[in-house]
Every structure is written in C-alpha cells, then in structure tokens.
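Numbering (UniProt numbering), first residue to last: 1 to 157. Heads up, the beta-carbon is just placed ideally off N, CA and C, and yes, glycines get one too.
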C-alpha cells in the first residue's frame, strides 16, 4: 500500500494497543483498520524476525505473515487518513533478478552501523519498494519461493 507520505510503500501495521492480546492481534486489527481486510486468525502462518525501525532503532517491527488468497482491490476499504492507495506485485516479479537490486549506505546513524549497511530494493513496478518493506520481502521470499528467489545481499566496505 502507499501511505500518505508519498515515499512510503509499506505493509499495513502499527503500534500495539492495550486491548491487543499479542502481536498477531495487532497485525490483524491494523490491517482491518487501514485497508478494511478482515483476516481470520487461522490464516496467520507466523512471524518473521523482529527488526528495528529506522525512526529511532529502539522500536521493533515484527512482520506477521498470513494468507489472504486472491486480493481483489474492490473488496478493500481504505482508511483515507492513513492510506492513499493499494498496489500488488506478483511473487515471480519480486523474485525476478532484473527487478531486485540494492542500495548501500556508507554510514549508519546507530553505532552498530558505523561501517554502513546495504538494503534491498525492488523495482519493476509502478512503485519502488525499499526500506523496512524491502527488508521484510528479502526475509520472506526465500521462504515463500525458495526455487525462485536467488538474490544475495552483499555489503562492500
């Protein structure tokens, strides 16, 4: 989905509420609030490794993975205060080597990243997918499509 920040391509998500039992409850609630997609808890496959957000490095983002079947955009109800539009990409497009690249940063803001870091970037569609969303895809695609996804992320000092 594209957030109201023009450079923000991201998956639905947000902070845990006091009423949320766990991170899965948070993910399901946020998805329904942001794009109107009600996902049953039994459709959840699990989670990926938690990642620090780029905002302060202290907030952890935990990707929750679920099956939603065929997505029909007309079935979505976007929260216009948070979401501008929704777009999709096929797994084969994301795995196509010509659509996958990287961006290297020479220095990070956090002390642990002082030698820099390299992030994946996904091209080949209307939207460039980068940042935390690209990192999430880079962790997920070898699991979803181990025979298709062959991109190795290398950092050069």
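- According to the DSSP assignment, residue 41 belongs to no beta strand (DSSP E), since it is labelled neither H nor E.
- Annotated three-state conformation of residue 34 is helix, per DSSP.
- Taking every protein chain shown into account, the CB of residue 138 has 16 or more other CB atoms within 10 angstroms, so this residue is buried.
- When the Cα atoms are used, residue 45 and residue 32 turn out to be separated by approximately 17 Å.
- Three or more Cβ pairs closer than 8 Å define a contact, and the stretch 58-75 meets that threshold against the stretch 36-45.
- Looking from the CA of residue 143, the closest CA among 10, 49, 12 belongs to 49.
- Counting only the Cα atoms, residue 93 lies some 13 Å from residue 121.
- Separation of the CB atoms of residue 98 and residue 125 is rounded to 12 Å, and the pair is thereby denied contact status at 8 Å.
- Distance from the CA of residue 26 to the CA of residue 83, rounded to the nearest whole angstrom, comes to 17 Å.
- CA-to-CA, the gap between residue 35 and residue 10 works out to about 12 Å.
- Per DSSP, the continuous beta strand (DSSP E) segment holding residue 64 begins and ends at 64-66.
- When secondary structure is reduced to three states using DSSP, residue 97 falls in the helix class.
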